[in-house]
Structure formats: structure tokens, C-alpha cells
Amino acid sequence: MLFSNRLATCHLPFLRLRSFFLLQSIIKIYFPFSNFSNHNRSDTVKGAVIGIDLGTTNSCVAVMEGKQAKVIENAEGARTTPSHVAFTKDGERLVGMPAKRQAVTNSANTFYATKRLIGRRFDDPEIKKDMKNLSYKVVRASNGDAWVQGGDGKVYSPSQIGAFVLMKMKETAEAYLNTNVKNAVVTVPAYFNDSQRQATKDAGQIAGLNVLRVINEPTAAALAYGMDKSEDKIIAVYDLGGGTFDISILEIQKGVFEVKSTNGDTLLGGEDFDHHIVDYLVAEFKKEQGIDITKDAMAMQRLKEAAEKAKCELSSSVQTDINLPYITMDASGPKHLNLKFTRAKLEQLVGDLIKRTIGPCQKALSDAEVSKSDIGEVLLVGGMSRMPKVQQTVQDIFGRTPSRAVNPDEAVAVGAAVQGGVLAGDVTDVLLLDVTPLSLGIETLGGVFTRLITRNTTIPTKKSQVFSTAADGQTQVEIKVHQGEREMAADNKMLGSFTLVGIPPAPRGVPQIEVVFDIDANGIVHVSARDKGTGKEQQIVIQSSGGLSKDEIENMVKNAEQYAATDKLKKERIEAINQAEGIVHDTESKMEEFKDQLPKEECDKLREEIVKVREILANKNEADPEEIRKTVSTLQQSSLKLFEMAYKKMASERESSGSSSSSSSSSDDSAEKKENKN
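The numbering of the sequence shown is this note's numbering, which starts it at 757 and goes up by one.
Shown next, in the form of C-alpha cells:
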């Protein structure tokens, strides 16, 4: 039959009376934590727990030191790290600023803003729209997900690229703490769906991290703000970052941070602002020079960097110059881009993007059942919140001047570190109650989306509902899990599906199939279905029809470990080479200095040792660090013995010179006395 594997809710006409009792007795909501003070704590956490803000544009890592969170500087001395990953023609992997610096000359192999792709399908219309603005290729993976491809043809999942950034954050923390780090709290946009959250957790696993908790970015920022605040209030967190926008309404009361509502847009952020500016620059250049530079990858990368720089400068000044000499050339010679760019023009170009944040804010207020007059403070988070027009828009929405109480670039990582402290048991006076951003349910008869958990429900949570079969003799049902707010299942995001088999044949509406939804504290969905008649059960942690399989994750973990081993070897090689070159230089300098005191045959032997070292150093990229160290050690021992001989010889000569001088002086004195007597 057409509906042979569909579920029917128990509200068919002939079941109307029975459905009344079902609704009364079977629909249940469970809160897995009865003791709120312990619900966030983990008794198995050992060692430091770091907080990581895995951002679209920049990432940041922090750790608790006592009762304060400390933002950790990276190897370049910066407190934030560009979320860029690049692969050179030699196969070397670069992460952070080194990757960003070489993007102009290696744009096809430099990956950025991959957070906007994580957990998304290749056929997603928004992804198609984004692809034209990227310097690298986005391709369809075998599972239908959007993956990235470098100029060398190698493909990577967005989770892999995210993992490389997370590894950089992990290494940054380890260098500061001087110990291995395993545990982390990683943040995600509040409006991320289950697929995106799971993909972010996968990235942590690939990076070798035990992700204790995935928390929402605005919630983390609220933790950073409220840690040292004693007064009770309702706050709004307006988070406009590099790739996503979130708005959350929270109530802070005696250390309890309760999210009342959240809303947002996972494809709205600084990247979109940059694209609007680039489009304007392309049009202006074409108008002035008659040349379309959109096909010139290097020129477009330079434009993107100039757009980002100008956008940042216009947050503190009303005008800036964009000067790009030799941006391209034609038969008449090189062409340059020179123009003045004003704040007014920027606001005109991106006005539609800023307006897109208004609707979610109003919806969040409505869902939280508060008015703007109830909001005690509005926090600004994310780099784009520095833009004066954005701040004015926030003031217009909430009717109050937004607060600058937190650092927009660091607050999320700080809050993640605080939550890490809670999980480790180091912070005991904080309780975080977050919510699920979107409704969850299943497809029932007629393609209807039947909600089991509505949006803005506090998590963790668990809810069950009983359904029945849609056809006589139906022996199996397919459970299709969706997430969204539309009334028809097909219009919402399908998270996954599974089949419950072995149902005894019976008339339609008779079997009782209990479907249970369980959302954990990470916002990740677990679903089970049980035939109450036979006790047969099927359950899964929802993994979308895309997503990474267990084998894929394991392979990526090995791949990441190989890169880590390669990076370690490279570092050891460089350190060994630097030491070797220094010792060779010092040895040659000393040989020249003591050439008169050293036997020629011994000097010749030492020169042979130097030649051996130089031969190894001639192949710097392949040299074995251990071999370098051994050869240098031999040279060092030989040179020390030789120079010790030279020092002894010089000391002996000085003593002899001193003795003869003293003897000569005594003879002179005796002669002088003799003359005086005469």
C-alpha cells in the first residue's frame, strides 16, 4: 500500500476516543537532571579543559586560571588566529596567519570560511550562492555533503579543515600550559542544526580532542559577561560574526544562566559584507578601466583582502583609501585600482544585510515573552558588531545603548573556558540552561511534520509520543526525523531516518509505536522507536543522510595525526639545522682565531667533520634530525678538545712570558743597586 511504511498519529476519526486517553497518559516530558547544581558537572574530567571559539573568520582559545579565564596567545603573539588552512605545492600544511599571508599567491589551496559549509549539503541553494565568492572549489562528496577541493585535486570535509584549526588551538594551549591537553568545550552558532553540531563535534574528534560539550556562542558570551555580576537581569546577546548571526535572550539569576529564546541566520556575517564590497570594487574597476577582473583569481583575492581591511578601518574612521597597484594588466600595460571609500558608501552597500538581523531579534523577544523594556543589557559579540551602523541598529531594536562590557573577539572563548571549568568542577556557582533552536519531530501520514520538541525548549530534554500504523497488516515503519518550523516535513531539514521492523500484522491504528526524542546538553539528537506490543526497539544517534561515517572519522583522525607527526618532524629538523649551522659557524670562527695555536693535522680533521655536517645540511628538506644531531655532536666534541688544547697552549705561553718578564725585571733591579753602591 501507499502508506505501508508510514506512521499515523493516534487522532484518526475511528480512534478519536482512544486518542484522548493516549494524549492524557502517553505524551511525556522528562528532564534528565533532577539536581540542577550537578547537571553540568562531569566527575570523569581529568586535566585542563580549554574553551575554543571555532569562528568563521578567526578562532580563539582560553583556559581557566583559578576563578578567571585566560585568553592564550598563539605562536605569532596574537590572541586570535585566522581560521585559514592552506596547503603549499610541497604538501606542507599551514594554519592561521601563515596560511592567510600566502592566500593571494595560493588562493586555490587556501581554505577559509569553511564553517559556513560544515554539516551542509552540496545541493543547498545557499551553498550554491556562496560558491561563486570562494577562491577554492566546493564539490559534492559521495554522501551528498559539501566538501572542498584544492588546486591539486585533493578533497577535504569542512570538519577536517575545522579540525586543523582546532589542532592549532590545542597546540597553542599546550605550549602555554606546558602539558598535553585532551578536553575541550567548543562553541557553535546558536542557530546551528543537529547536522552542523555533529559535524563540529566530529572536527574535535579528528583534532584529537575530547569535546566535553558543544555550547552556543551567545550563551558562552553571556557566561563571560555574567561571571562577576551579582545582580539579576535579562540580557540580549547580539552576535554578528564572520559568517553567522545569532540573537539570544537570557535571564541571569543567582549564577543560573537560563536561555529564554534564540534565533538567527547561519549564513549572515562579515563574509557577506566583504562580498558586497568586492562586488562594488569590481563594478567600479570595470566602469573605470573597462576590464572584468572576476576571472583573475589573484586579483580577486587581493580585492577580498582590501575589502576586509577597508571594512575594519571604517569602524573607526569615516573614509579610507583603497590602493591596489598592478591589480591586473591588458595590452596597454598594468592597471591600478585607486579609490576613496567612505563609511556612508559602506552602509549603503550592506544596509540590506544589517536589516536582516532585525527580524530574528524581534522573533527572539516574542518567543521569550519579554518586551524590549525588560532587557537590562544588550551585549555585542562578533567582529561585525564594531560597525557603527550595526550598533545604531541594535540601539533602535532594543531601545537602549548596547554594552561594551565584553571583548567581541574573545568573549565566546572566555565563556567556553568558564563552561569547561564548570564541567571540571573548578567553577561551582554557575549553572547553564540552554535551549534547542529549532523544533524537532517526525513525518507522519500525509507528509505532515509532527513536532515532539518545540523550539526554545530547555536542554537536555526528553519527550515521547505514541503513534500507530497507517495501513492494515503493516509490519514495519520508517521513522523520518526532521528539524525546522514548517508544517510539512519536506519543507524542513531531514536529519536522518531508520526503520522499526518486526511489528505483528494488525489492523491499522492498533499497534502502538512509542517514539522517544532525547536531546543531550550538546544539542545533539538521539531518537528511539519501540513497539509496545513486542518490546522490539530501534534507536540511533541522529546522523544525517550525509555526515561523516565512523570509518571516515577514523581515517581523518589518522590523517590529522600524520600531519601532526609531519609538523613535529619539521620543527625538530629546523631546530637541529639551526643548531648545526650555529655550531659550524662558531667552530670556523674559533679555528680562525686560534689558527696559530692549533696543529695543522688536527685542524684538517676538524674541517672534515665540518664537511660532513654541511653535506647533511645540503638536503635540508629530507635531513633526519637525529642524524644531524649526532654528526653535530661529534663535531662539537672534536672542536672542544682541540680548542681546549689551544687554550692550554695560550695559557702556558702567557705563563712563560710572565716568568721571563719577571726574571728580566729582577736582573735589572740588581744591576741598578750595584751601580748605586759604586
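Virtual Cβ for every residue (Gly too), placed ideally from N, Cα, C.
*Three-state secondary structure (DSSP) at histidine 1341?*
In the sequence shown, residue 1341 corresponds to position 585, counting from 1. Here histidine 1341 sits in helix by DSSP.
*Start-end ranges of the beta strand (DSSP E) lying completely within the stretch 1128–1201, minimum 3 residues*: 1133–1137, 1187–1191, 1196–1200
_At least 3 beta-carbon pairs within less than 8 angstroms: the stretch 1207–1219 vs the stretch 1189–1198_ = yes
*valine 1266 and alanine 1285: beta carbons closer than 7 angstroms?*
Walking along the sequence shown from the start, residue 1266 turns up at place 510. Walking along the sequence shown from the start, residue 1285 turns up at place 529. Against a cut-off of 7 angstroms, the Cβ pair of alanine 1285 and valine 1266 comes out as no contact.
*asked:* Could you give the first and the last residue of the continuous beta strand (DSSP E) run that contains glutamine 824?
replied: Taking the sequence shown and counting its residues from 1, the one referred to as residue 824 is at position 68. Segment 824–827, the beta strand (DSSP E) holding glutamine 824.
*asked:* By the three-class DSSP mapping on this structure, what secondary structure does threonine 813 have?
replied: Reading the sequence shown from its first residue, position 57 is the one you call residue 813. Residue state, collapsed to three classes: coil.
*Along the chain, where does the beta strand (DSSP E) that runs through isoleucine 971 open and close?*
Taking the first residue of the sequence shown as 1, we reach residue 971 at position 215. Looking at the DSSP string, the run of the beta strand (DSSP E) that includes isoleucine 971 is 966–972.
_Given this structure, state the Cα-to-Cα distance separating alanine 946 from leucine 873, to the nearest angstrom._
On the sequence shown, position 190 is the one that residue 946 refers to. On the sequence shown, position 117 is the one that residue 873 refers to. Rounded to the nearest angstrom, the two C-alpha atoms are 16 angstroms apart.
*For lysine 1429, does the three-state DSSP call read helix, strand or coil?*
Locating residue 1429 in the sequence shown gives position 673, counting from the first residue. In this predicted model, lysine 1429 has a pLDDT of only 49, less than 50, meaning its place in the structure is not dependable enough to derive any value.
*Give the range of the alpha helix (DSSP H) segment to which glycine 960 is assigned.*
If you number the sequence shown from 1, residue 960 lands on position 204. Start and end: 950–962.
*May I have the straight-line CA-CA distance separating threonine 870 from methionine 887, to the nearest angstrom?*
On the sequence shown, residue 870 is found 114 positions in, with the first residue counted as 1. On the sequence shown, residue 887 is found 131 positions in, with the first residue counted as 1. C-alpha separation (whole angstroms): 11 angstroms.
*Can the beta-carbon of alanine 855 be found closer than 7 angstroms to that of alanine 1169?*
As a working mapping, residue 855 is identified with position 99 in the sequence shown. As a working mapping, residue 1169 is identified with position 413 in the sequence shown. Cβ atoms of alanine 855 and alanine 1169: not closer than 7 angstroms.
*asked:* Quick check on lysine 1327: does DSSP put it in helix, strand or coil?
replied: Counting from one through the sequence shown, the residue named residue 1327 turns up at place 571. If DSSP states are grouped into helix, strand and coil, lysine 1327 belongs with the helices.
_Per-residue DSSP class, three states only, for histidine 840_ = Here residue 840 refers to the residue found at position 84 of the sequence shown. Looking at histidine 840 - three-state DSSP - the assignment turns out to be coil, as it is neither helix nor strand.
*What are the boundary residues of the beta strand (DSSP E) that glycine 1089 is part of?*
One-based indexing of the sequence shown puts residue 1089 at position 333. From DSSP, the beta strand (DSSP E) with glycine 1089 extends over 1089–1098.
*Could you tell me how far apart the beta carbons of glycine 998 and glycine 1020 are, in whole angstroms, since I believe they sit closer than 8 angstroms?*
Counting from 1 along the sequence shown, the entry for residue 998 is found at position 242. Counting from 1 along the sequence shown, the entry for residue 1020 is found at position 264. Incorrect: roughly 14 angstroms between the Cβ atoms, too far for contact.
*Residue nearest to phenylalanine 920 in terms of C-alpha spacing, selected from Ala1320, Ser1141, Phe948*: In the sequence shown, counting from the first residue as 1, residue 920 sits at position 164. Residue Ala1320 is the option with its Cα nearest to phenylalanine 920.
*Give a yes or no on contact between the stretch 1107–1114 and the stretch 964–978, applying the rule of three or more CB pairs nearer than 8 angstroms.*
no
*Compare the Cα-Cα distances from valine 911 to each of Asp1380, Lys1397, Ser1345, Glu1308 and report the closest residue.*
As a first step, residue 911 is located in the sequence shown; it is residue number 155 there, counting from the start. Among Asp1380, Lys1397, Ser1345, Glu1308, the Cα nearest to that of valine 911 is on Glu1308.
*In the structure shown, what three-state DSSP assignment does glutamate 821 receive?*
As a first step, residue 821 must be located in the sequence shown, where it is residue number 65. The answer is strand: DSSP assigns glutamate 821 an E or B state.
*Excluding five sequence neighbours on each side, which residues of the same chain lie with their C-beta closer than 6 angstroms to the C-beta of isoleucine 1005?*
Here residue 1005 refers to the residue found at position 249 of the sequence shown. Excluding residues within five positions, the ones whose Cβ falls inside 6 angstroms are Ala992, Lys1016, Ser1017, Ala1120, Ala1124.
*For the alpha helix (DSSP H) containing arginine 1242, list its first residue and its last residue.*
Indexing the sequence shown from 1 puts residue 1242 at position 486. Where arginine 1242 is concerned, there is no enclosing alpha helix (DSSP H), given that its DSSP letter is neither H nor E.
*asked:* Among Asp1030, Val1178, Thr844, whose alpha-carbon lies nearest the alpha-carbon of alanine 804?
replied: As a first step, residue 804 must be located in the sequence shown, where it is residue number 48. Minimum Cα distance to alanine 804 is reached at Val1178.
*Those residues which DSSP pairs with glutamate 902 across a bridge*: In the sequence shown, counting from the first residue as 1, residue 902 sits at position 146. In the sequence on display, residue 902 carries alanine and not glutamate. In DSSP, alanine 902 forms a bridge with Arg896.
_Segments assigned beta strand (DSSP E), at least 3 residues, entirely inside the stretch 1012–1079_ = 1012–1021
*Under three-state DSSP, which class holds methionine 1250?*
The sequence position of residue 1250 within the sequence shown is 494, counting from 1. Here methionine 1250 sits in strand by DSSP.
*Assign alanine 931 to buried or exposed, taking buried as 16 or more other Cβ atoms, counted over all protein chains shown, within 10 Å of its Cβ.*
The count along the sequence shown starts at 1 and reaches residue 931 at position 175. It is exposed - the Cβ of alanine 931 has fewer than 16 other Cβ atoms within 10 Å.
*Compare the Cα-Cα distances from threonine 1184 to each of Met983, Gly1132, Gly918, Met1056 and report the closest residue.*
The count along the sequence shown starts at 1 and reaches residue 1184 at position 428. Of the listed residues, the one whose Cα sits closest to threonine 1184 is Met983.
*Could you check how far apart the C-beta atoms of lysine 1091 and glutamine 1045 are, in whole angstroms? I think they sit under 8 angstroms.*
Position 335 of the sequence shown, counting from 1, holds the residue named residue 1091. Position 289 of the sequence shown, counting from 1, holds the residue named residue 1045. That pair is a contact at about 5 angstroms.
*Inspect the beta-carbon positions of leucine 1373 and serine 1141 and report whether they are closer than 7 angstroms.*
The count along the sequence shown starts at 1 and reaches residue 1373 at position 617. The count along the sequence shown starts at 1 and reaches residue 1141 at position 385. No; because the gap between Cβ atoms is not below 7 angstroms, this pair is not in contact.
*Inter-residue spacing [alpha-carbon to alpha-carbon] between glutamine 1147 and glycine 1181*: Here residue 1147 refers to the residue found at position 391 of the sequence shown. Here residue 1181 refers to the residue found at position 425 of the sequence shown. Between glutamine 1147 and glycine 1181, the C-alpha separation is close to 37 angstroms.
*asked:* Determine whether the beta carbon atoms of valine 941 and leucine 1187 lie at a separation below 7 angstroms.
replied: Counted from its first residue, the sequence shown places residue 941 at position 185. Counted from its first residue, the sequence shown places residue 1187 at position 431. The answer is no: Cβ separation not under 7 angstroms.
*Confirm the yes/no value for this check: CB of valine 1034, any heavy atom of the ligand FAD, distance under 6 angstroms.*
The ligand FAD is not among the ligands present in this structure, which contains no ligands whatsoever.
*Return the Cβ separation of valine 827 and glutamate 1166 in integer angstroms, given the expectation that the two are a contact with Cβ distance under 8 angstroms.*
As a working mapping, residue 827 is identified with position 71 in the sequence shown. As a working mapping, residue 1166 is identified with position 410 in the sequence shown. Valine 827 to glutamate 1166, Cβ: 5 angstroms. Contact.
*Taking three-plus beta-carbon pairs below 8 angstroms as touching, is the stretch 1157–1165 in contact with the stretch 1132–1139?*
yes
*Can you tell me which of the three DSSP states aspartate 886 falls into?*
In the sequence shown, the residue the question calls residue 886 occupies position 130. It is helical.
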